[in-house]
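By the count of full-length UniProt numbering, the sequence shown reaches residue 459 at its end, each step adding exactly one.
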Amino acid sequence: MSGYAISQTIEEKLEASQKILARLSSANKGDPEGEASEVYNYMIGWMSNVNHSPTIVATCLNLAEECIEVMLHGKDEAEKSGSQTTLGLEAAEALALRRPDDLCGPWERVVWDVVTLISEWDPESDGHLDLTEELVDWVLFVLNSPKACPNAHLRLEMIRFIETLPKNKLSDPKLGSRTAQGLINAGGKIEMHMLVPRGDRVSLALPLLNIIQHLKKYGHLQMHAMIALEQLKELQPGAEVRFLANVATLAGKLSIHVVERYKQGGWTDAMAIMMFGRCISVLEIVAGDSPFLPITQMPGMCQMVSSSLITIIDSMLSLSDLCTNRQDSVKILLLDLDVIFRHLIAIKKVFQEDHNVKILEFQVKLNEYNLSLVSMPEPIPENEIKDCPTEFLDAVTQSIMKAPVRLVGSGEKIDESTLLQLLLEESPKDPFTRSALNRNTFLQLPALKLKIQEWISNQ
1 MSGYAISQTI EEKLEASQKI LARLSSANKG DPEGEASEVY NYMIGWMSNV NHSPTIVATC
61 LNLAEECIEV MLHGKDEAEK SGSQTTLGLE AAEALALRRP DDLCGPWERV VWDVVTLISE
121 WDPESDGHLD LTEELVDWVL FVLNSPKACP NAHLRLEMIR FIETLPKNKL SDPKLGSRTA
181 QGLINAGGKI EMHMLVPRGD RVSLALPLLN IIQHLKKYGH LQMHAMIALE QLKELQPGAE
241 VRFLANVATL AGKLSIHVVE RYKQGGWTDA MAIMMFGRCI SVLEIVAGDS PFLPITQMPG
301 MCQMVSSSLI TIIDSMLSLS DLCTNRQDSV KILLLDLDVI FRHLIAIKKV FQEDHNVKIL
361 EFQVKLNEYN LSLVSMPEPI PENEIKDCPT EFLDAVTQSI MKAPVRLVGS GEKIDESTLL
421 QLLLEESPKD PFTRSALNRN TFLQLPALKL KIQEWISNQ
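So this is what it looks like as C-alpha cells:
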C-alpha cells in the first residue's frame, strides 16, 4: 500500500480502506506487510479532522477497530482490549478538541462507540491512566450538560473515563465537585439494565460504585447530603433526593432480577452470590457508612430503604438451593446486611410496623437454613398488635401515618412517605382528583402527628 490518490474524496478513500481490510481479513494471516497499521494511522488522522462529519468520524472509528483485529490476529484478548482502549482514548481526544455541542443523532452514536471501546479497561488490573486536561474537561462537560447530551445514560457512561484516572485525582476540589454534581444530576435516571452484565458489555455498576466510594472519601458528597436533607424537610425533592430514592429502590429491584435469572438457569450460584453482593453495595450508597445515612430517617426515604432491604433478604432466602449449597457465601452477605441494620437502628420501628409479617417469615427460613441475621429487628408479637383508629391511616396505603399531610384538592390524608413517592413522579398528581400536586397543594398536620405519636407510645 502506498497511500491514497490526492484526487480521491474522503468517501472514496474510506471505501478503498474497507476493501484493503476485507482482503486482509479473508486471508486470515494477520498483517505481515503492515498494511493494516498504515490504514489505522490514516483513520486516526481523518478522525481528528474537524471538518469531517460525524458519519465520517464513525466510519473511521469502525475501520480503525477492524485494523486492530487484523493487526492482532492470533493475539490474546488482553492485548486486543488494550489496543481498543488506546483507540477509544484517541477518539475521545479528537472529540475533546472538537467539542460538538449537540451530542444527539450521529454524534451520540460516535460517543457510544468511544465509550464501548474503553469499557473493558479495568484500572485495578490494567493500571490507571493519565488523561489530558482537555479530555478530562470534555468528559466533565458531557457529564454535566443535559442540554448538550440529553441521554442521561450516556452522560453517566462518562464516569468510565474518570475511573481510569489515578485514585488520588478525585481529591482535586474542582474535579471531585464537578464529578459529584454530574453524577447526582444524572443519577435519578440510573436504570437496572445499566447495573447488570449483558453479553460482552461490561455494566456500569463497578465504575459507579468505585467513583461514589472515592467521592465519599474526599468529602465531595457531604454538600449534596445536606441539600437532600433540606429538600426532604421542605418536601421539595430535587436532583439529590431523586438520585437517592432511585438508588434505594433499584437495590431491591435488582435482587428480584437476580432471583428471576437464577431460576431461569441463566446465572450460576457464583453469579447469583456476586449479584446479591452488588444489590447490597448499591443500597449501601444510601444506607451504609455514608454521608447520606441521616436521610434514611426522613419520612419516605426510610420506607424506601427498609422496603429494599426487606426485598433483598426475601430474594436471597427464597433460593433454598443457594442458601444450602453456598451457605458460607450467604453468611458473608448476611453479615453485610447486619451492618446495614446496625446503621439503620434509628428506624427500627419502621421495620417492625411495616414488615412484621416478613420478619416472622425470615426468622423461620433463617432457622431452617441454619443462618442468622443478628441485627434484624425482632417482630412484634401478634397478640400485641392492636387495631389502629381509621383517622390515623394513610388513605392510599392504609398504613399508620407517621407524618400526616392533607391534600388540599381532595381533602384526603396521607403520610409524608406516600407524598414523597407521588412527588417523585414525572408529573405529580393528587391520586384522588388527578389535579396537579406541588408544594402549595398539601398541608402538614402537626396536631394529628402528635395524636398518632401518643397512640403509638401507649401501645
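In this text, a Cβ means the ideal position worked out from N, Cα and C, and glycines have one as well.
Distance CB(V70)-CB(L24) smaller than 8 Å: By one-based count along the sequence shown, residue 70 stands at place 70. By one-based count along the sequence shown, residue 24 stands at place 24. Result yes, Cβ atoms of V70 and L24 sit closer than 8 Å.
Expressed to the nearest angstrom, what Euclidean distance is found between the alpha-carbon atoms of S457 and V350? Residue mapping note: residue 457 aligns to position 457 of the sequence shown, counting from 1. Residue mapping note: residue 350 aligns to position 350 of the sequence shown, counting from 1. If you take the alpha carbons of S457 and V350, they lie about 14 Å apart.
Can you have a look at K413 and say buried or exposed, based on whether 16 or more other CB atoms are within 10 angstroms of its CB? In the sequence shown, counting from the first residue as 1, residue 413 sits at position 413. Buried, since its Cβ has 16 or more Cβ neighbours within 10 Å.
Under a Cβ-count criterion, where at least 16 other Cβ atoms within 10 Å of its own Cβ denotes burial, should C104 be classed as buried or exposed? To locate residue 104, count along the sequence shown from 1; it is residue 104. Exposed.
Rounded Cβ spacing between I159 and P207 (contact assumed at less than 8 Å): Translated into the one-based positions of the sequence shown, residue 159 becomes position 159. Translated into the one-based positions of the sequence shown, residue 207 becomes position 207. The pair is a contact, with the Cβ atoms about 5 Å apart (cut-off 8 Å).
Collapsed DSSP secondary structure at R201 in the structure displayed: Your numbering for residue 201 matches position 201 in the sequence shown. It is a strand residue.
Quick check on V57: does DSSP put it in helix, strand or coil? Walking along the sequence shown from the start, residue 57 turns up at place 57. Helix, per DSSP.
Grab the span of the alpha helix (DSSP H) containing L407 for me, first residue to last. Within the sequence shown, the letter at position 407 stands for residue 407. No alpha helix (DSSP H) holds L407; the beta strand (DSSP E) holding it covers P404 to L407.
In chain order, which continuous runs of the alpha helix (DSSP H) of length 4 or greater are located wholly inside the UniProt domain "U-box" (387-459)? At a cut-off of 4 residues, the continuous stretches assigned as alpha helix (DSSP H) that sit fully inside the UniProt domain "U-box" (387-459) are 416-423 and 446-457.
Let me see if you follow: with CB-CB separation under 8 Å, is W121 close to chain C or not? The chain labelled as chain C is not found in the depicted structure, where only one protein chain is given.
Could you tell me the alpha carbon to alpha carbon distance between T85 and S119, rounded to whole angstroms? Taking the first residue of the sequence shown as position 1, residue 85 is located at position 85. Taking the first residue of the sequence shown as position 1, residue 119 is located at position 119. Looking at the two C-alpha atoms, the distance is approximately 8 Å.
Quick one: using the 10 Å Cβ neighbour count with 16 as the cut-off for buried, is A22 buried or exposed? The residue labelled residue 22 in the question sits at position 22 within the sequence shown. Exposed, because fewer than 16 other Cβ atoms sit within 10 Å of the Cβ of A22.
Can we count K365 as close to the ligand SAM, meaning its CB is less than 7 Å from some heavy atom? In the structure shown, the ligand SAM is absent, as is every other ligand, since no ligand is present at all.
Ends of the alpha helix (DSSP H) at K358? Position 358 of the sequence shown, counted from the first residue, corresponds to residue 358. Membership of K358 in the alpha helix (DSSP H) is indicated by the continuous run N356 to E368.
Helix, strand or coil: how does DSSP classify A148 here? Taking the sequence shown and counting its residues from 1, the one referred to as residue 148 is at position 148. DSSP places A148 in coil when its eight states are reduced to three.
Give the range of the alpha helix (DSSP H) segment to which W267 is assigned. Reading the sequence shown from its first residue, position 267 is the one you call residue 267. Taken as a continuous stretch (DSSP letters only), W267 belongs to no alpha helix (DSSP H), as it is neither H nor E.
In angstroms, rounded to a whole number, what distance separates the CA positions of N356 and I313? Indexing the sequence shown from 1 puts residue 356 at position 356. Indexing the sequence shown from 1 puts residue 313 at position 313. Rounded to whole angstroms, the gap between the alpha carbons of N356 and I313 is 14 Å.
Euclidean distance between Cα positions of L170 and Q213: Here residue 170 corresponds to residue number 170 of the sequence shown, with the count starting at 1. Here residue 213 corresponds to residue number 213 of the sequence shown, with the count starting at 1. Spanning the alpha carbons of L170 and Q213 requires a straight line of approximately 10 Å.
Taking one C-beta from the segment 228-247 and one from the segment 175-190 each time, how about it: are there three or more such pairs within less than 8 Å? Counting Cβ pairs under 8 Å, three or more are found: they touch.
Sorted by chain position, which residues of the same chain lie with C-beta nearer than 7 Å to L215's C-beta, five sequence neighbours on each side aside? Walking along the sequence shown from the start, residue 215 turns up at place 215. For L215, where only same-chain residues beyond five positions count, the Cβ hits under 7 Å are L170, G176, T179, A180 and L221.
Continuous alpha helix (DSSP H) stretch holding D172: start and end: In the sequence shown, counting from the first residue as 1, residue 172 sits at position 172. Run containing D172: none; DSSP gives neither H nor E here.
Just tell me which of L129, G277, D269 and C388 has its CA closest to the CA of Q459. Walking along the sequence shown from the start, residue 459 turns up at place 459. It is C388.
For a quick check, are the C-beta atoms of Y262 and L319 less than 8 Å apart? Numbered from its first residue, the sequence shown carries residue 262 at position 262. Numbered from its first residue, the sequence shown carries residue 319 at position 319. For Y262 and L319, yes; Cβs fall inside 8 Å.
Can you check whether the CB of S306 is closer than 8 Å to the CB of I347? Translated into the one-based positions of the sequence shown, residue 347 becomes position 347. Translated into the one-based positions of the sequence shown, residue 306 becomes position 306. Yes, the pair counts as a contact, with Cβ atoms nearer than the cut-off.
If V114 and G88 are in contact, beta carbons under 8 Å, what's the gap, nearest whole angstrom? As a first step, residue 114 is located in the sequence shown; it is residue number 114 there, counting from the start. As a first step, residue 88 is located in the sequence shown; it is residue number 88 there, counting from the start. About 5 Å separates the two Cβ atoms, so the contact holds.
List the whole-angstrom C-beta distance separating L437 from L422, where the pair is believed to meet the contact cut-off of C-beta under 8 Å. Working through the sequence shown from its first residue, we reach residue 437 at position 437. Working through the sequence shown from its first residue, we reach residue 422 at position 422. With a contact defined as Cβ atoms closer than 8 Å, L437 and L422 qualify at about 6 Å.
Buried or exposed: Q453, going by 16 or more other Cβ atoms within 10 Å of its Cβ? As a position in the sequence shown, residue 453 is number 453, starting the count at 1. Q453 comes out exposed.
Nearest-angstrom beta carbon gap, R406 and F362 [assumed within contact, 8 Å]: Taking the first residue of the sequence shown as 1, we reach residue 362 at position 362. Taking the first residue of the sequence shown as 1, we reach residue 406 at position 406. Between R406 and F362 the Cβ distance is about 36 Å, and since that is not below 8 Å, they are no contact.
How far does the alpha helix (DSSP H) with H73 in it extend, from its first residue to its last? Taking the sequence shown and counting its residues from 1, the one referred to as residue 73 is at position 73. Element bounds for H73: n/a, residue is neither H nor E.
Any idea what DSSP makes of G300, helix, strand or coil? One-based indexing of the sequence shown puts residue 300 at position 300. Three-state result, G300: coil.
Can you tell me whether E124 is buried or exposed, with buried defined as 16 or more other CB within 10 angstroms of its CB? Here residue 124 refers to the residue found at position 124 of the sequence shown. Here E124 is exposed, its C-beta having fewer than 16 other C-beta atoms within 10 Å.
Please confirm whether I20 and V39 have their CB atoms less than 8 Å apart. Numbered from 1 along the sequence shown, position 20 holds the residue referred to as residue 20. Numbered from 1 along the sequence shown, position 39 holds the residue referred to as residue 39. With respect to the 8 Å criterion, I20 and V39 are classified as neighbours on the basis of their beta carbons.
When the Cα atoms are used, what is the spatial distance from C279 to I285? Position 279 of the sequence shown, counted from the first residue, corresponds to residue 279. Position 285 of the sequence shown, counted from the first residue, corresponds to residue 285. The straight-line gap from Cα to Cα measures roughly 10 Å.
Would a C-beta distance cut-off of 8 Å place L129 and L165 closer than the cut-off? The sequence position of residue 129 within the sequence shown is 129, counting from 1. The sequence position of residue 165 within the sequence shown is 165, counting from 1. For the 8 Å CB-CB criterion, L129 and L165 form a contact.
Quick one: give me the first and last residue of the alpha helix (DSSP H) that G42 is part of. Position 42 of the sequence shown, counted from the start, is the residue given in the question as residue 42. First, the residue type needs correcting, since residue 42 is Tyr and not Gly in the sequence shown. It spans E35 to M47 - the alpha helix (DSSP H) in which Y42 sits, taken as one unbroken run.
Does DSSP put P207 in a helix, a strand or coil? Here residue 207 refers to the residue found at position 207 of the sequence shown. Helix, per DSSP.
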